[in-house]
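If you use mature numbering (1 follows the signal peptide of the UniProt record, and there is no 0), the sequence shown corresponds to residues -24 to -1, 1 to 348, in order.
Note that beta-carbon positions come from the ideal geometry of N, C-alpha and C, so glycine has one too.
Comments concern the structure below.
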Amino acid sequence: MKKTGLAGALCALAAALGIGSAHAQILIGQTVGITGSAAATVAESMQGAALYIDHINAKGGVGGQKVEVLSLDDKFDPKLTLDNTRTLIEQKGVIGLFMTRGTPHTQGIIPVLEQHGVPLVGPSTGAIALHQPVSKYVFNVRAPYQREVTKAISHLHTLGIQRIGVVHVDDTFGADGLAGAQAGFKSNNIEALFIEKFDRAKPDYSAIAPRVASKQPQAVIFIGTGAAVVDGIKALRAAGVAGQIVTLSNNASGGFVKALGDQARGVVVTQVFPSERSLNYPVVKEAMDLAKAKNIGDLTPAMLEGFVSAKVLVEGLKRAGAKPDSAKLHMGLESIRKWDLGGMELSYSPTDHSGLDFSDLSIIGTDGRFKR
């Protein structure tokens, strides 16, 4: 059956990343929601990763070997993430995994990574559980969600906003974000106006939205992913909620903005990378130049995350030496110390796999772009 729309575009992008090649020289695996509620953001992060990997391959690859990414669609379903991980490692023979997405999804595959000694680079989740305690085979790139939420609440507090509530998905991601919110409330000596949770698989706001509206919040921290957050924001606005909406960096994509439509303007989105238009960071300029060479329009935060994560992966492969395998890749990644990837410094060690320490806030403008 011929695929159309976003699914078809993502499959085309997957092909561009080398998916399905029988002649991979350095084979890296990825299980991610090519379809499902996170698909729009996934498409942009994959596009950003492809920008850098294609660039490296055009120059001869790593040590004369091209890097190929075999991506499988897990439809943003944790069970499929686990099944795909086993397939990639046990049947396809990948030497590393790259940019999984989702907190329960990534947490669920750690036993498989440990069983086979396969490192995961740049999971697209800021779950604190992936940072503390250190997971031997998980190499984070982005900062934790809890830091994002705490910063957002502190910022709102400095503006005199105190009637702040939380709506979160009922899974480990939501619990993680909620813990960050509670830390933010505590540090600013305020209490949550309300805490509401919704089902991850079948979000329903028919009862939540009126309850939230009745509280007349000045701001709502919305912790969830993609389509579920879009539907939730629309439901809150329809119920009469006029306060500031804040969501996290996992929704920092052009696709998210487009899905929000006329409800996008003024939504605050936390960020874990510099502005995608900031020429003060060489890594941003590098990504912009490569995008321009491929006639790609503006970068998005999700594209920049994919680009930076790909740079970290390739650096680990370079340090792995000739004929890299999982053990050599792990060793190569752990040898990275104070590495300047373009205006941002990244380090790993056996006791620290946190990667970058950067958080910021942006707001969606009338033109649909993220403004700092």
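Reference residue i, options the options, closest by Cα
i      : options                          : result
Asn227 : Pro80, Gly216, Thr101 and Leu73  : Thr101
Glu291 : Pro87, Ile65 and Phe115          : Phe115
Ile104 : Gly153, Lys270, His306 and Ala34 : Gly153
Ala215 : Tyr28, Ile199, Pro193 and Tyr113 : Pro193
Ile29  : Ile184, Leu289 and Lys314        : Leu289
Separation of residue j from residue i, as counted between CA atoms
i        : j      : result
Val233   : Lys299 : 42 Å
Gly156   : Glu262 : 33 Å
Phe74    : Ala267 : 21 Å
Gly341   : Asp316 : 31 Å
Met264   : Glu167 : 42 Å
Gly37    : Ala177 : 40 Å
Arg345   : Gly230 : 8 Å
Val248   : Ser302 : 28 Å
Ile221   : Pro186 : 16 Å
Gln41    : Lys294 : 11 Å
Lys(-22) : Ser163 : With a pLDDT of 41 at Lys(-22), under the threshold of 50, the predicted position of this residue should be treated as unreliable, though the coordinate-derived value follows. The straight-line gap from Cα to Cα measures roughly 50 Å.
Ile272   : Ser285 : 19 Å
Glu310   : Asp274 : 33 Å
Asp175   : Phe52  : 14 Å
Gln83    : Val94  : 14 Å
Asp32    : Val97  : At residue 32 the sequence reads Ile, which differs from the Asp that was named. Answer to the nearest angstrom: the Cα atoms are 17 Å apart.
Leu48    : Thr134 : 44 Å
Ser182   : Asp207 : 11 Å
Beta-carbon contacts of residue i that lie in its chain and below 8 Å, excluding the five residues immediately before and after
i      : result
Lys191 : Arg139, Gly141, Leu169 and Phe170
Ile2   : Gly37, Val38, Gln41, Lys42, Val43, Glu44, Ile71, Leu293 and Pro300
Val196 : Ile140, Gly141, Val142, Val143, Val188, Leu212, Val217, Gly219, Gln220, Ile221 and Val222
Integer-rounded CB distance, given that residue j should sit under 8 Å from residue i
i      : j      : result
Lys68  : Gly5   : 6 Å
Ala203 : Ser323 : That pair is no contact at about 36 Å.
Ala125 : Arg77  : The displayed chain sequence assigns Val, not Ala, to residue 125. No, Val125 and Arg77 are not in contact; Cβ-Cβ is about 19 Å, not under 8 Å.
Leu332 : Val110 : That pair is no contact at about 16 Å.
Leu89  : Pro99  : Contact doesn't hold; Cβ gap of about 11 Å is too wide.
Own chain, CB closer than 7 Å to residue i, minus 5 neighbours either side, in chain order
i      : result
Pro258 : Gly318 and Gly319
Leu305 : Ile71, Gly72, Pro95, Gly292, Leu293 and Ala296
Neighbourhood of residue i by C-beta, 6 Å cutoff - its chain only, sequence neighbours within 5 removed
i      : result
Gln239 : Ile209, Lys210 and Arg213
Ile339 : Val244 and Lys347
Ile137 : Gln194 and Ala195
Checklist entry - Taking only runs of the beta strand (DSSP E) that begin and end inside the stretch 21 to 104, which ones reach a length of at least 3 residues, in chain order? => result 43 to 49 and 72 to 74
Checklist entry - Which ranges would you report for the alpha helix (DSSP H) in the stretch 254 to 293 if only whole runs of at least 4 residues count? => result 258 to 269
Checklist entry - Which ranges would you report for the alpha helix (DSSP H) in the stretch 197 to 236 if only whole runs of at least 4 residues count? => result Counting only runs of 4 or more, we get 202 to 214 and 230 to 236.
Item to check | Complete runs of the alpha helix (DSSP H) confined to the stretch 292 to 331 [at least 4 residues] | outcome: Listed in chain order, they are 302 to 310.
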